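Under this note's numbering, the final residue of the sequence shown carries the number 556; numbering is consecutive throughout. Here a beta-carbon is modelled for each residue, glycine too, at the ideal position from N, C-alpha and C. Just so it is clear, the structure is predicted and the values come from calculations on it, not from any experiment. Just below is one structure, and these are the notes that go with it.
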Amino acid sequence: MSPLDRSGKQEADLNSLTMGNTIRLEDLVDRNMLHEVVRSFSALFGISMRIFSADGLLLTDCYEQQGLCKVINQIPDGRAACNTTVGEVKRVNPKPDGQEVHACFTGAHYQVASLSYDGRTIGKMVLGPYLPAELREVPAELATTVPSLDPAKAADLLPKFPRARAEIIRQIIDHMRSVLDLILFSGHKALLTSQMHLASVRESYRELQDKNARLQEAYDKLKELDKLKSNFIATVSHELRTPLTSIIGYSEMLSEGIAGDLAADQKEFVVTIREKGEQLLGLIMSLLDLSKLESGTSSLQKAELMVAEVLGDVVSNLKPVARKKSVDLVVGDVDPRATKIHADPTKLRQVLLNLADNALKFTPDEGKIVLSAAVVADENAADDEDGVGFSLLSPAKSYVEIRVADSGIGIPASERDKVFEAFYQVDSSSTREYGGTGLGLAIVKRLVEAHDGKVRIEDNTPCGTVVVVAIPVQASATP
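This is the structure in structure tokens:
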């Protein structure tokens, strides 16, 4: 929204807030309260009273039909004349703060007074019919208008009309206006307070919409950038892998003497080239794995696995590395109930190899790493997505928990959630003792979650770390 549009909107809101020239009587008063006030005036002075809005809407009516009017309305000519008189009274619109008297053919009067607030006419008040105090005889106009009316009956009923002097009627109107002023002021104050609150809510909502729109725009840009980043990593990694494979292959052939015998120093250099090439290839493969997991192009090929065999396979693969560091890498207790698990064999081995290799990296010489498995029930994991109380009827989820416990340096509690972020390292300084890219645990977390599982880090008192991978047991029921 441009500044000009915003300014125009704010001005419109201000006019709406102060109600501009559209103050209406029906908006400022409670009709029940207005009726009670009018009823009390009518009962006190014995004169009928009506209140109309500026649009002619009848807001309240305390009217008692007089005996003479009842008789006249039973006569066709009289009923027509009465309807005409009532219509004329309704069309009377006095000037602001003014009053007008409208005479009826019966000799009675109607006093019509305008109602104003804050200099604006917002309605009118009608008093009557009532007889002027000076009227004593049946007017000739009554006999002319309703010739079939019995004069004697008219003379008998006319005095029963309420009587009032002109100054008394003006005093009633002035007093009613004063009472209405207080009611209107109170109603206007309450209405303004409500309008201010609504305007504030609308402005806050408008600002929130603007912020949400900007956040959505920023989110879409970040999402696009993240997609470009993933595509870039995948492309670069793929392009690097091909020449790197050639470098590793030729270095292997050189080290084996296919191109001729090498001196000891030359052979050592070639072996170093091959080892570093394989290390770089491992990094590239990790980047490709992460890119596939983030883009959702990596799928699971699940099968029934023997948990003990998977753990044994991981230990066998890493045993040479562990032996070099004099680290005791073993398979610990395996719960008999956790004999099988339904998972992707390649992905699960990758998870456990990453965790065990990470443990080896941070475990000092003469340390120990234990891989174990158990079945546990997570009572807090019962789904309650359908409503409160359904979790009481749902069975607790069971998980196969595979634990990789080491006696290494451990991970501070404040860092345990962060280490699963891509490229994050607890010690990110250029002089850090331990190498790595920070991708291993990020890949582990995504692979475990792809199995609908969870991964967490616990203390391994008195030292070290325990990484727990939990795979739901119910997944194993799927062939």
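Reducing DSSP to helix, strand and coil, say where Ile310 ends up. Numbered from 1 along the sequence shown, position 233 holds the residue referred to as residue 310. Here Ile310 sits in helix by DSSP.
How many Å lie between Leu365 and Lys495 at the Cα? As a first step, residue 365 is located in the sequence shown; it is residue number 288 there, counting from the start. As a first step, residue 495 is located in the sequence shown; it is residue number 418 there, counting from the start. The straight-line gap from Cα to Cα measures roughly 21 angstroms.
Can you tell which of Lys445, Ala436 and Tyr207 has the C-alpha that lies nearest to the C-alpha of Val404? In the sequence shown, residue 404 corresponds to position 327, counting from 1. Measuring from the Cα of Val404, the nearest candidate turns out to be Lys445.
From Arg197, Val203 and Val163, pick the residue whose C-alpha is nearest to that of Gln176; which is it? Here residue 176 refers to the residue found at position 99 of the sequence shown. Ranking the options by Cα distance to Gln176, first place goes to Val203.
By Cβ distance, which residues of its chain are closer than 8 angstroms to Leu358, with the 5 residues on each side in sequence left out? In the sequence shown, counting from the first residue as 1, residue 358 sits at position 281. Within the same chain, Leu358 has close Cβ partners Arg318, Leu321, Thr322 and Ile325.
DSSP state of Leu208, grouped into three classes? Taking the first residue of the sequence shown as position 1, residue 208 is located at position 131. Leu208: strand per DSSP, three-state reduction.
From this set, Gly517, Leu448, Pro228 and Lys288, which residue's C-alpha is nearest Asn435's C-alpha? Position 358 of the sequence shown, counted from the start, is the residue given in the question as residue 435. Looking at the Cα atoms, Gly517 is the closest of the given residues.
Assuming the contact rule is C-beta atoms closer than 8 angstroms, Thr198 and Ala131 should be a hit. Round their C-beta distance to whole Å, please. Walking along the sequence shown from the start, residue 198 turns up at place 121. Walking along the sequence shown from the start, residue 131 turns up at place 54. Contact holds; Cβ gap of about 6 angstroms.
Put Tyr140 into one of helix, strand or coil per three-state DSSP. Within the sequence shown, the letter at position 63 stands for residue 140. Of the three classes helix, strand and coil, the one that applies to Tyr140 here is coil, per DSSP.
To the nearest angstrom, report how far apart Met362 and Ser484 are at their CA atoms. The sequence position of residue 362 within the sequence shown is 285, counting from 1. The sequence position of residue 484 within the sequence shown is 407, counting from 1. One C-alpha to the other measures close to 28 angstroms.
Please identify the residue among Thr349, Ala547 and Val391 whose C-alpha is closest to the C-alpha of Val532. Indexing the sequence shown from 1 puts residue 532 at position 455. Ranking Thr349, Ala547 and Val391 by Cα distance to Val532 puts Ala547 first.
Can you tell me whether Gly464 is buried or exposed? The criterion is at least 16 other CB atoms within 10 Å of its CB, across all chains shown. Along the sequence shown, one-based indexing puts residue 464 at 387. Summary for Gly464: the model assigns pLDDT 49, below 50, so the residue's position carries little reliability, and this model does not support an answer.
So, is Lys230 buried or exposed, given that buried needs 16 or more other C-beta atoms within 10 angstroms? For the purposes of this step, residue 230 is taken as the residue at position 153 of the sequence shown. Classification for Lys230: exposed.
Determine contact between the segment 326-346 and the segment 299-316, defined as no fewer than three beta-carbon pairs at a distance below 8 angstroms. no
So, under 8 angstroms CB-CB, Phe118 and Ile249 are touching, yes? Tell me the CB distance rounded to an integer number of Å. As a working note, residue 118 is residue 41 in the sequence shown. As a working note, residue 249 is residue 172 in the sequence shown. Correct: roughly 7 angstroms between the Cβ atoms.
Bridge partners of His186, per DSSP? Reading the sequence shown from its first residue, position 109 is the one you call residue 186. According to DSSP, His186 bridges with Ala180 and Tyr207.
Apply the 10 Å Cβ neighbour rule to Leu269 and answer buried if 16 or more other Cβ atoms are within range, or exposed otherwise. Here residue 269 refers to the residue found at position 192 when the sequence shown is read from its first residue. Label assigned to Leu269: exposed.
Span of the beta strand (DSSP E) around Arg533: Sequence index remark: in the sequence shown, residue 533 carries index 456 (1-based). Where Arg533 is concerned, the enclosing beta strand (DSSP E) stretches over Lys531 to Asp536.
Which residues does DSSP list as the beta-bridge partners of Arg240? Residue mapping note: residue 240 aligns to position 163 of the sequence shown, counting from 1. BP columns for Arg240 point to Leu208.
Within 8 angstroms, do at least three Cβ pairs link the segment 382-398 to the segment 421-434? yes
Limits of the unbroken alpha helix (DSSP H) element including Thr423: Mapped onto the sequence shown, residue 423 falls at position 346. That run of the alpha helix (DSSP H) goes Pro422 to Phe439.
Distance between beta carbons of Val550 and Ala452, contact taken as under 8 angstroms: For this step, residue 452 is matched to residue 375 along the sequence shown. For this step, residue 550 is matched to residue 473 along the sequence shown. In the sequence as presented, Ala is not what sits at residue 452; that position holds Val. About 7 angstroms separates the two Cβ atoms, so the contact holds.
Considering only heavy atoms of the ligand FAD, does any lie closer than 7 angstroms to the CB of Gly123? Absence of the ligand FAD is noted for the structure shown, with no ligands found whatsoever.
Among Lys417, Val525 and Met110, nearest to Met383 - alpha-carbon criterion: Here residue 383 refers to the residue found at position 306 when the sequence shown is read from its first residue. Checked all of Lys417, Val525 and Met110; the closest Cα to Met383 is Lys417.
Would you give the residue range spanned by the alpha helix (DSSP H) that Lys522 belongs to? Locating residue 522 in the sequence shown gives position 445, counting from the first residue. Run containing Lys522: Gly517 to Ala527, per the alpha helix (DSSP H) assignment.
What number of angstroms, rounded off, separates the C-alpha of Leu94 from the C-alpha of Lys201? As a position in the sequence shown, residue 94 is number 17, starting the count at 1. As a position in the sequence shown, residue 201 is number 124, starting the count at 1. At Leu94 the pLDDT is 45, less than 50, meaning the model places this residue with poor confidence and gives no usable figure here.
Return the residue from the list Ala420, Thr538 and Ala433 that minimises the CA-CA distance to Gln378. Numbered from its first residue, the sequence shown carries residue 378 at position 301. Minimum Cα distance to Gln378 is reached at Ala420.
Between which two residues does the beta strand (DSSP E) harbouring Ser119 extend? Numbered from its first residue, the sequence shown carries residue 119 at position 42. Where Ser119 is concerned, there is no enclosing beta strand (DSSP E), although the alpha helix (DSSP H) it sits in stretches over Arg108 to Phe122.
Segments of 3+ residues assigned as beta strand (DSSP E) that fall wholly inside the segment 379-414: 380-383 and 405-411
Count the other CB atoms, across all protein chains shown, that sit within 10 Å of the CB of Arg291; report buried if there are 16 or more and exposed otherwise. Working through the sequence shown from its first residue, we reach residue 291 at position 214. Flag for Arg291 reads exposed.
Suppose you measure from the CA of Val215 to the CA of Phe122; what does that come to, to the nearest Å? Counted from its first residue, the sequence shown places residue 215 at position 138. Counted from its first residue, the sequence shown places residue 122 at position 45. Between Val215 and Phe122, the C-alpha separation is close to 23 angstroms.
Asp62 bridges to which residues according to DSSP? Nothing about residue 62 can be reported from this structure: the residues present for the chain run from 78 to 556 only.
Minimum C-alpha distance to Arg493 - residue among Asp529, Val477 and Val543: For the purposes of this step, residue 493 is taken as residue 416 along the sequence shown, with counting starting at 1. Nearest C-alpha to Arg493: Val543.
Is the number of C-beta pairs between the segment 229-247 and the segment 138-150 that are closer than 8 angstroms three or more? yes
Count the other CB atoms within 10 Å of the CB of Gly164; is the residue buried (16 or more) or exposed (fewer)? Here residue 164 refers to the residue found at position 87 of the sequence shown. The residue is exposed, with fewer than 16 neighbouring Cβ atoms inside 10 Å.
Leu192 and Leu136: beta carbons closer than 8 angstroms? Start at 1 with the first residue of the sequence shown, and residue 192 comes out as number 115. Start at 1 with the first residue of the sequence shown, and residue 136 comes out as number 59. No, the pair does not count as a contact, with Cβ atoms beyond the cut-off.
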